[in-house]
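Engineer: Can you read through this structure? Questions will come right after.
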Amino acid sequence: MAALICEVVYRGIFQKNLAARITRGIVLSARKSGRWGIAFGRYGDSPQRNGIPAKDFAIVADTKEELEQNMARYEPKHVDVTIAVDDTLSKGVESWAWYGLQPINRLTVPNGTLLMTSLQSFDSLLKDIHKKDAPYKLALLRAKASFSGLWVYREDHTEVRILGALAKIAPSFLSLDGVCQAIRESEWGSDLKVESAKKAHERIETREVKMTEGNTEIPYSFEMPKWWEMREGVTIPAIPVGKPKEAGKGYVPERNPYFKKFTTRTMRPVIDFDTCVKCTLCWIQCPDSCFDVMPDGTYDANMEACCGCGVCEAVCPVEHCITMVNESVFDDNASQWEAWRKDKGAYKVWMTSKIGDKKATVRSHGFRFRGQYEKELEANLEGGGVEITAGIPGENAQHKTV
Amino acid sequence: MAVVTQAAPAAHEADKELLISGSEAVAEALTLADLDVVTAYPIRPYDTVMQAIAKKISGGQLVAEYIVAEGEHSQFEIVKHASTVGARVFCGSSGVGWMYAMECLVVTPPLRVPMVALVGNRALDDPGAFGVEHNDALVVRDVGWLLCWIDTSQEALDTTLIAYRVAEDRRVFLPLAISADGAFLTHSQALTMVPPKAKVDQFLPRYNRGDLLLHPDNPITVAPQANEDWVIEIRRQNNEAMARAVTVIEEAYADFRRVFGRGPENPWFEEYMTDDAEVILVGMGTISLPIKVAIREMRAKGKKVGLVRLRWFRPFPTERLVAALSKAQALGIIDRDYSFGSPFGSGVVANEIRAALYNADRRPPLLSFICGLGGREVTLEDVYKATDLCYAAATSGKSDPKTHWLGVRE
Chain A
953 MAALICEVVY RGIFQKNLAA RITRGIVLSA RKSGRWGIAF GRYGDSPQRN
1003 GIPAKDFAIV ADTKEELEQN MARYEPKHVD VTIAVDDTLS KGVESWAWYG
1053 LQPINRLTVP NGTLLMTSLQ SFDSLLKDIH KKDAPYKLAL LRAKASFSGL
1103 WVYREDHTEV RILGALAKIA PSFLSLDGVC QAIRESEWGS DLKVESAKKA
1153 HERIETREVK MTEGNTEIPY SFEMPKWWEM REGVTIPAIP VGKPKEAGKG
1203 YVPERNPYFK KFTTRTMRPV IDFDTCVKCT LCWIQCPDSC FDVMPDGTYD
1253 ANMEACCGCG VCEAVCPVEH CITMVNESVF DDNASQWEAW RKDKGAYKVW
1303 MTSKIGDKKA TVRSHGFRFR GQYEKELEAN LEGGGVEITA GIPGENAQHK
1353 TV
Chain B
22 MAVVTQAAPA AHEADKELLI SGSEAVAEAL TLADLDVVTA YPIRPYDTVM
72 QAIAKKISGG QLVAEYIVAE GEHSQFEIVK HASTVGARVF CGSSGVGWMY
122 AMECLVVTPP LRVPMVALVG NRALDDPGAF GVEHNDALVV RDVGWLLCWI
172 DTSQEALDTT LIAYRVAEDR RVFLPLAISA DGAFLTHSQA LTMVPPKAKV
222 DQFLPRYNRG DLLLHPDNPI TVAPQANEDW VIEIRRQNNE AMARAVTVIE
272 EAYADFRRVF GRGPENPWFE EYMTDDAEVI LVGMGTISLP IKVAIREMRA
322 KGKKVGLVRL RWFRPFPTER LVAALSKAQA LGIIDRDYSF GSPFGSGVVA
372 NEIRAALYNA DRRPPLLSFI CGLGGREVTL EDVYKATDLC YAAATSGKSD
422 PKTHWLGVRE
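First to last, the sequence lines map onto chains A and B. In this text, residue positions in the first sequence follow my numbering: the first is 953, and each later residue adds one. In this text, residue positions in the second sequence follow my numbering: the first is 22, and each later residue adds one.
Here it is, written out as structure tokens:
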């Protein structure tokens, strides 16, 4: 390997600054051993949009000439290390820069590494991560997803822990000494952060993933038309109007089959159809028109269309009728309403387990309490990453506070 | 929207002869073409056409939406939108007004909006000046506008009818600018034959936007944001439309001659006394008039000089022009425009012709002249001087790379 190519897959706004620190950190760390490097974001992404998957890249090479082979590109063709800083990205990503669903390990080279921050088990993650036609390594850094904002940064040491872990994964390019030196010299560095990087270097867990392992779902794709197949005049056909759900009742809007957007979601609404008063507010207020009207007048959030913004939970006047739950505890996009119609008792058990999960119902992003980051940091340092569940939950569920 | 009056076929109806300016001739053509939407914002010399159209509407000869915009940018935006919903549209401007509309000028070709515009050619500010220079219209030469130049009121009328026929052809759907030299054409009245509506109806079909029509019954999105995955394909489509325009223009002129019994056989350029010409001068617009006079004078003295007056600049008639020019012993390209810092400091037309000749089997010596800027008259002496330099080059057999400025105080 004369060059090390890394991608950081992150969520728009919440992790934009995190991803930039990681990719810059990689280049500046490799510089300590005389390497050349570049850091850049994928230009077609829209990293200023809440939660939308986006990518940053860091490429380091022994010589400037080797580096040039990877320059003037939007995205490398393959990467040695894929870094996913939120484990719900394991379900695949669909960004502004990409058509169809891109498996999280799509660019990872055979025998390369997929490094994730996650509290899930390897097996749980491999239910979501798509199968790959080559073996690779899955490395886990025990931490919850570090989400902050565009103008604030969450100093929970995630960036240095990733860099410390990378020194273990690609020691020939990033020595731990080089990483520590680069952290110390950085404007956001500190001795405490250097310690965090070293601990992450020790604690990184890695497992081989065989070709036979992973989610067997075939990701939806989109073939780009040729110039003469495209409608002229920068014109595209509109999405047709929808249809009744069944037997002339209900309403299901047609949706863009080429851009589904659900990988933007880090939390999803779980709906109690028994307590729904059919007030229409969720349906009307949803900014993505993701609710389908069911024949009985209730509203089912279509999981192929939901971005997980939580507006429905906020506007729902019925307590616990809509509860946002972390995406990591779900394995598919199946209809909740269909499950409820099939077996109301079983649905009640399933729903109660999801919305009763105190960890999973804490909001994935947003400010919760003063001192929260410091507490999380402490936990990360002492325990190698223990989830903090305390704080303000979603707006419409006062009783979820731990 | 204009109400289409289906005039009874009146083949016997004769042309009327009117004494009108180039701008008024355009307004006559717009009336005959049953224009739907026109936008206006005054700037000299284009404002003459906007006044002429207003008169047509107030006189009840034309039923059309006449919208006075608050600036050229809105002026071109409004017709762009009107065209996407199926209206036959017209607008125009001059000099820096045309520049102010630039954002709209660049979006109309990819959106495939067949707007027809009159550019009353005017020098770009500064200094503020009313006189003709071709730089205003030439600014859109790379972005997909069809561009032509005219030199008489008759040609203004005829070309306006042809313009709709070409631009609104489904194979083309591109905006088209007719350039008319400020003052010499826009403000000067000449005897002009105005055909009856029945003939025009035989020549010009209704505008049919087809599957690109923005209408509730044809739900489409126009102009979505696109990234690098789409743009080059859209440019390729645009390029193809421009290439297809060549055939459509030739068809339109042939049909024009069939219906109206007049019009050139060669749509692309006028050839004046070029058959035996040793020196061929090339220019666009009303510059042709003093050149023709000078040619006659020079021919009386035994100098075999000819003129090629370029009508169509986009699409550029490369092969036909090369065939017409390469037979001369020397060429003199007279630009009423400038392109500072360009190869040899030449004007735009000279450099286009140099490029067109590059692969020609025979490349006569080529001289480049800049003349008549800011509306300065092109004198016979200017033309004699240019011709003499061309003869010197013909004798030496060498191109003179220097660009000569004619009629400058020095």
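Beta carbons: idealized from backbone N, C-alpha and C, even for Gly. None of the values given here were measured: they were computed from a predicted structure.
Taking the alpha helix (DSSP H) that Ala-151 of chain B falls in, what are its first and last residues?
Structural biologist: The sequence given here places Phe at residue 151 of chain B; Ala does not occur at that position. From DSSP, Phe-151 of chain B is part of no alpha helix (DSSP H); its letter is neither H nor E.
Engineer: Kindly provide the ranges of any alpha helix (DSSP H) runs that are 4 or more residues long and lie completely inside the segment 1138 to 1167 of chain A, ordered along the chain.
Structural biologist: For secondary structure counted as the alpha helix (DSSP H) over 4 or more consecutive residues, the segment 1138 to 1167 of chain A holds these complete runs in sequence order: 1143 to 1155.
Engineer: Go through the segment 324 to 379 of chain B residue by residue and report every complete run of the alpha helix (DSSP H) that reaches 4 residues or more, in order.
Structural biologist: 339 to 346, 369 to 378
Engineer: Expressed to the nearest angstrom, what Euclidean distance is found between the alpha-carbon atoms of Glu-390 of chain B and Leu-427 of chain B?
Structural biologist: Note on residue identity: the sequence assigns Phe, not Glu, to residue 390 of chain B. About 7 Å.
Engineer: Using C-beta distances below 8 Å, list every residue in its chain close to Ala-407 of chain B, excluding the 5 sequence neighbours before and after it, in chain order.
Structural biologist: Leu-302, Gly-353, Ile-355, Leu-388, Phe-390, Cys-392, His-425, Leu-427
Engineer: Going along chain A in order, which residues have a C-beta closer than 9 Å to the C-beta of Ala-244 of chain B?
Structural biologist: Gly-1185, Val-1186, Thr-1187
Engineer: Using only alpha-carbon positions, find the residue among A:Leu-956, A:Ile-1135, A:Lys-1310 that is nearest to Leu-1029 of chain A.
Structural biologist: Per the sequence shown, the amino acid found at residue 1029 of chain A is Lys instead of Leu. Looking at the Cα atoms, A:Leu-956 is the closest of the given residues.
Engineer: Quick check on the burial criterion: 16 or more other C-beta atoms within 10 angstroms. Buried or exposed for Asp-1085 of chain A?
Structural biologist: exposed
Engineer: Can Val-1037 of chain A and Thr-1110 of chain A be called in contact, C-beta distance under 8 Å?
Structural biologist: Closer than 8 Å, so yes.
Engineer: Comparing alpha-carbon positions, which option in B:Phe-277, B:Met-305, B:Ile-312 lies nearest Met-294 of chain B?
Structural biologist: Out of B:Phe-277, B:Met-305, B:Ile-312, B:Ile-312 has the C-alpha closest to the C-alpha of Met-294 of chain B.
Engineer: Would Thr-1065 of chain A be called buried (16 or more neighbouring beta carbons within 10 Å of its own) or exposed?
Structural biologist: Buried: at least 16 other Cβ atoms inside 10 Å.
Engineer: Grab me the residues of Glu-373 of chain B's own chain with a C-beta within less than 7 Å of its C-beta, minus the 5 sequence neighbours each way, in chain order.
Structural biologist: Phe-337
Engineer: Just the Cα atoms here: how many angstroms apart are Ser-114 of chain B and Arg-191 of chain B?
Structural biologist: 26 Å
Engineer: Please name the residue in B:Met-214, B:Ser-200, B:Val-370 whose C-alpha comes closest to that of Arg-358 of chain B.
Structural biologist: One detail in the question is off: residue 358 of chain B reads as Asp in this sequence, not Arg. Per the Cα distances, B:Val-370.
Engineer: Kindly list, in the order they appear in chain B, the residues whose Cβ is closer than 8 Å to that of Ala-1190 of chain A.
Structural biologist: Pro-240, Ile-241, Thr-242
Engineer: What in chain B is Cβ-close to Ala-1024 of chain A, meaning under 9 Å?
Structural biologist: Neighbours of Ala-1024 of chain A on chain B: none; closest Cβ ~12 Å, over 9 Å.
Engineer: If we count the other Cβ atoms within 10 Å of its Cβ and call it buried at 16 or more, is Met-1068 of chain A buried or exposed?
Structural biologist: buried
Engineer: When you compare only the Cα positions, how much space is there between Pro-216 of chain B and Phe-281 of chain B?
Structural biologist: Those two C-alpha atoms are separated by around 8 Å.
Engineer: From the DSSP output, in three-state form, read off Leu-302 of chain B for me.
Structural biologist: Strand at Leu-302 of chain B.
Engineer: So if I threshold CB-CB distances at 7 Å, which residues from the segment 251 to 284 of chain B count as touching chain A?
Structural biologist: Glu-254, Ile-255, Arg-257, Gln-258
Engineer: What ranges does the alpha helix (DSSP H) occupy inside the segment 59 to 147 of chain B, keeping only unbroken runs of at least 4 residues that lie completely in it?
Structural biologist: 68 to 79, 93 to 105, 116 to 121, 123 to 132
Engineer: Quick one: any contact between the segment 1203 to 1221 of chain A and the segment 237 to 255 of chain B, if contact means 3 or more CB pairs under 8 Å?
Structural biologist: no
Engineer: Hey, out of A:Lys-1089, A:Pro-1239, A:Asp-1248, A:Leu-980, whose CA is closest to Ala-1199 of chain A's CA?
Structural biologist: A:Asp-1248
Engineer: For Pro-1005 of chain A, write down the residues that DSSP places opposite it in a beta bridge.
Structural biologist: A:Arg-963
Engineer: Evaluate Arg-1315 of chain A with the Cβ neighbour count: other Cβ atoms within 10 Å of its Cβ, from every protein chain shown; 16 or more gives buried, anything less gives exposed.
Structural biologist: buried
Engineer: With a CB to CB cut of under 7 Å and the five nearest residues on each side skipped, what residues in its chain are close to Ser-1280 of chain A?
Structural biologist: Asp-1039, Thr-1040, Gln-1072
Engineer: Given that a residue counts as buried once 16 or more other Cβ atoms are within 10 Å of its Cβ, and exposed if not, what is Lys-1352 of chain A?
Structural biologist: Low per-residue confidence applies at Lys-1352 of chain A: pLDDT is 37, beneath 50, and the placement is therefore not dependable enough to give any value.
Engineer: In terms of alpha-carbon separation, which member of B:Ser-360, B:Val-243, B:Ala-144, B:Val-193 lies closest to Gly-396 of chain B?
Structural biologist: B:Ala-144
Engineer: Going by DSSP in three states, Ser-1241 of chain A sits in which element: helix, strand or coil?
Structural biologist: coil
Engineer: Could you give the DSSP three-state label for Phe-992 of chain A: helix, strand or coil?
Structural biologist: strand
Engineer: So, is the C-beta of Glu-402 of chain B closer than 8 Å to a C-beta in chain A?
Structural biologist: no
Engineer: Select from the segment 121 to 134 of chain B all residues with a C-beta closer than 9 Å to any C-beta belonging to chain A, and list them in chain order.
Structural biologist: Val-128, Pro-131, Leu-132, Arg-133, Val-134
Engineer: Might you give, ordered along the chain, the residues of its own chain that have their beta carbon closer than 7 Å to the beta carbon of Glu-1339 of chain A, omitting 5 neighbours on each side?
Structural biologist: With a pLDDT of 43 at Glu-1339 of chain A, under the threshold of 50, the modelled position of this residue cannot be trusted; read the value that follows with caution. Result list for Glu-1339 of chain A: Leu-1071, Lys-1096, Lys-1311, in chain order.
Engineer: Using a Cβ cut-off of 8 Å, which residues of the segment 222 to 234 of chain B contact any Cβ in chain A, in chain order?
Structural biologist: Answer in chain order: Asp-232, Leu-233.
Engineer: Establish whether the CB of Ala-1006 of chain A and some CB of chain B are separated by less than 8 Å.
Structural biologist: no
Engineer: Drop a sphere of 10 angstroms on the beta-carbon of Leu-1126 of chain A, count the other beta-carbons inside from all chains shown, and report buried for 16 or more, exposed for fewer.
Structural biologist: buried
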